[in-house]
Amino acid sequence: MAGGHVKYRHLSRTSAARQALLRGQVTQLVMHEHIKTTYAKAKETQRMAEKLVTLAKRDSVTSRKQVQAMLYNPHDLLPKVFSTLKNRYAARDGGYTRVTRTEPHDTYDQAESAILEFVDGPRDSRFMMTAMAVARDRARGAPSTDITKLNVKKVTRGRPTEEFEAMVERLLKKYGHVLKKDLKPEHVVAKEL
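Positions 1364 to 1556 (our numbering) are the ones given, in order, by the sequence shown.
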């Protein structure tokens, strides 16, 4: 029957090419913990990455085989999946990844771009952006806004507060003279990532 609910994005590819693309994206995500791609690809890869972490948390023979089938070079990445990622998200029930929309990378293409990253990872962009906002407020001697306070609460949920404070102090030391000016913090964050 024609029409109906679309179960997934086809991404203008055959089924085999789509699966190969998603496997490659998930492999790169596990390897680097942070990838830049189009928004549609990021959302589809996010589904597969969430499933991968859920399987890693089960840690059975079957789940190991399923994770192995999701990755292109499993022998290099299985230790990371079943130790680092499994331990990082042991207390979290879901939402292991985050998709953040960004400006299009190519001036000719103009496809919707996005960043797909693991939450609470070493390259967490929200953590860096929030630390930059707090550092800017401290450099100017202004109180933080309610949204900034809410973001601080969110980003320190899975990490120690001392790590956040250390990042704020590092940013103040490195960019304190710039933060006093009226610049957007995104300009400095782009250099950090």
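Glycine included, every Cβ here is placed at the ideal spot set by N, Cα and C.
Quick caveat, the model's predicted, so the values are computed rather than measured.
Select from the options the residue whose C-alpha is nearest the C-alpha of residue i.
i: Ser1423; options: Tyr1459, Arg1410, Phe1445; result: Phe1445
i: Arg1489; options: Lys1449, Val1462, Ala1419; result: Val1462
i: Ser1375; options: Val1482, Glu1407, Lys1537, Leu1434; result: Glu1407
i: Met1394; options: His1438, Ala1380, Lys1414, Arg1421; result: His1438
i: Thr1401; options: Gly1457, Thr1465, Lys1516, Thr1508; result: Thr1465
i: Thr1447; options: Ser1507, Glu1525, Glu1396, Phe1527; result: Glu1396
i: Arg1421; options: Met1492, Glu1526, Asp1456, Lys1537; result: Asp1456
i: Arg1501; options: Asn1450, Phe1527, Lys1543, Thr1524; result: Lys1543
i: Met1492; options: Arg1410, Ile1510, Ala1505; result: Ile1510
Taking buried to mean at least 16 other C-beta atoms within 10 Å of its own C-beta, is residue i buried or exposed?
i: Gln1382; result: exposed
i: Gln1473; result: exposed
i: Asn1514; result: buried
i: Gly1484; result: buried
i: Thr1377; result: exposed
i: Glu1480; result: buried
i: Ala1379; result: exposed
i: Thr1460; result: buried
i: Ala1412; result: buried
i: Ala1454; result: exposed
From residue i to residue j, what distance separates their C-alpha atoms?
i: Thr1519; j: Gly1387; result: 31 Å
i: Asp1469; j: Gln1391; result: 21 Å
i: Val1541; j: Leu1434; result: 42 Å
i: Gly1521; j: Tyr1471; result: 39 Å
i: Leu1415; j: Gly1539; result: 40 Å
i: Lys1512; j: Leu1534; result: 18 Å
i: Thr1524; j: Asp1487; result: 15 Å
i: Leu1440; j: Glu1528; result: 31 Å
i: Lys1536; j: Val1389; result: 36 Å
i: Arg1410; j: Gly1504; result: 42 Å
In its own chain, which residues sit with a C-beta less than 8 Å from the C-beta of residue i, not counting the 5 before and 5 after it?
i: Ala1403; result: Arg1372, Leu1374, Glu1475
i: Leu1384; result: Leu1374, Arg1376, Lys1404
i: Ser1507; result: Ala1496, Val1497, Asp1500, Val1515
i: Val1430; result: Leu1415, Leu1418, Ala1419, Pro1437, Leu1441, Val1444, Phe1445
Short of 6 Å in beta carbon distance, which residues of its chain neighbour residue i, apart from the five on each side in sequence? Order them along the chain.
i: Val1531; result: Ala1494, Val1497, Ala1498
i: Ser1426; result: Leu1418
i: Ile1398; result: Gln1391, Leu1392, Leu1479
Enumerate in chain order the residues of its own chain whose CB-to-CB distance from residue i is below 7 Å, with the five nearest sequence positions on each side excluded.
i: Gly1458; result: Val1482
i: Arg1451; result: Asp1483
Q. Residue ranges of each alpha helix (DSSP H) run of no fewer than 4 residues wholly in the region 1449 to 1505, ordered along the chain?
A. If we require 4 residues or more, the alpha helix (DSSP H) runs fully inside the region 1449 to 1505 come out as 1488 to 1503.
Q.
List, from N- to C-terminal side, the alpha helix (DSSP H) runs of 4 residues or more that fit wholly inside the region 1395 to 1456.
A. 1402 to 1421, 1424 to 1433, 1437 to 1442
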